[in-house]
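In what follows, a single structure is set out as structure tokens and then discussed.
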Amino acid sequence: MFREAKGTAGRLLLLLSTLAASASAQELPLWEVGIGGGVIRIPDYRGSSEAGTYPYPFIMPIYRGRQLQADEEGIKGVLGESSRLRLDFSVFGNVPVSSDNEVREGMDDLDPILEIGPMLRYKAWTAPRFNQSVILDLPVRAALSVGHGVQYVGYAVTPRISYRRQVDLLDRPWRWSIGAEALWGSGGLNRYYYQVDAADATAQRPAYAAEAGFGGTRLRTSLYHRDRNKLVSLYALYDNLQGAVFEDSPLVEQTSGWTVGFVVTWFVFQSKNLVEVRQWEWMTE
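Using mature numbering (1 follows the signal peptide of the UniProt record, and there is no 0), the letters of the sequence shown correspond one by one to residues -25 to -1, 1 to 260.
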């Protein structure tokens, strides 16, 4: 029941924030309403050997204001920008974890985590040929559990680098990106996922105290096409926990894992007012 009800909102937020992307250097409606669907296959949590495949229909509102934006990446406020630097404030969701997971049997369910905070983005390199760019991101986000009220859990710092370019497939322009990131988590955040208290310890799951520090690396790639009325996006992420401070937790069953998915969206309502969508809006998360 937890997976079917409570998990739906968290996984849908993650699906939309990771799979879809916004076009760059073109004019798009100020607001749109899209309907569509997607499928994502994702581990129960980083380091889990159990994964699920989740299909989702959805309604997606988009708003492209100068200071406030709501789109496939979530909700963000633009705090300031120049030709190469941008500072925004955004919200990102992580999925809940159920005690139905075998290695967590008997432990409390983990509520969905909402990450909120600023991100500094630097456009390190651009080239007009194939609309290429290299983007450096430094997000610093507070992690809040949102299941039974709102509670501060900790914080995460996730520096990353992304390369992006246009590719021509099936006689259409597509946007392709590939990136790498490193993860650091506070003690509270790492304990939330990987600590085993004495009360939860068993012969197969010994007590474990998680600490703050390095949380592994990720490689991700996405392929995206958008025309006036439709959006198609494919996505893959490889997670590597080797060297993470919690690698020895009994809740870490494997040190690598994959997340893959796709989204198709049709825009059924659109504003007649057009705004220029800059290269910043081309997703790297």
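Don't be surprised by glycine CBs; every beta carbon is placed ideally from N, CA and C.
Give me the DSSP bridge partner(s) of residue i.
{"i": "Gln245", "result": "Glu7"}
{"i": "Asp112", "result": "Arg96 and Arg135"}
{"i": "Asp143", "result": "Pro148"}
{"i": "Val72", "result": "Leu85"}
{"i": "Val171", "result": "Tyr183"}
{"i": "Val14", "result": "Pro30 and Phe237"}
Using the three-state DSSP reduction, which class does residue i fall into: helix, strand or coil?
{"i": "Arg104", "result": "helix"}
{"i": "Val78", "result": "helix"}
{"i": "Glu251", "result": "strand"}
{"i": "Tyr20", "result": "coil"}
{"i": "Gly163", "result": "helix"}
{"i": "Ala178", "result": "coil"}
{"i": "Gly129", "result": "strand"}
{"i": "Arg193", "result": "strand"}
Can you give me the start and stop residues for the beta strand (DSSP E) that residue i sits inside?
{"i": "Gly49", "result": "Gly49 to Glu56"}
{"i": "Gly27", "result": "Ala26 to Arg39"}
{"i": "Ala187", "result": "It is not in any beta strand (DSSP E) - Ala187 carries neither H nor E in the DSSP assignment."}
{"i": "Leu43", "result": "Leu43 to Asp46"}
Would you mind reading off the limits of the alpha helix (DSSP H) that contains residue i?
{"i": "Leu60", "result": "Counting along the chain, Leu60 falls outside any alpha helix (DSSP H), though it belongs to the beta strand (DSSP E) covering Leu60 to Asn69."}
{"i": "Leu158", "result": "Careful: Leu158 lies outside any alpha helix (DSSP H), inside the beta strand (DSSP E) at Arg147 to Gly160."}
Hey, residue i and residue j are a contact pair by Cβ (cut 8 Å); roughly how many whole angstroms apart?
{"i": "Arg166", "j": "Ala185", "result": "5 Å"}
{"i": "Thr196", "j": "Ala157", "result": "About 17 Å; that fails the 8 Å criterion."}
{"i": "Ala225", "j": "Arg180", "result": "Note on identity: in this sequence residue 225 is Pro, with Ala being the wrong assignment. About 5 Å; that satisfies the 8 Å criterion."}
{"i": "Leu164", "j": "Gly129", "result": "3 Å"}
{"i": "Leu3", "j": "Arg39", "result": "6 Å"}
{"i": "Gly154", "j": "Arg135", "result": "6 Å"}
(message) What ranges does the beta strand (DSSP E) occupy inside the segment 199 to 249, keeping only unbroken runs of at least 3 residues that lie completely in it?
(response) 205 to 215 and 231 to 245
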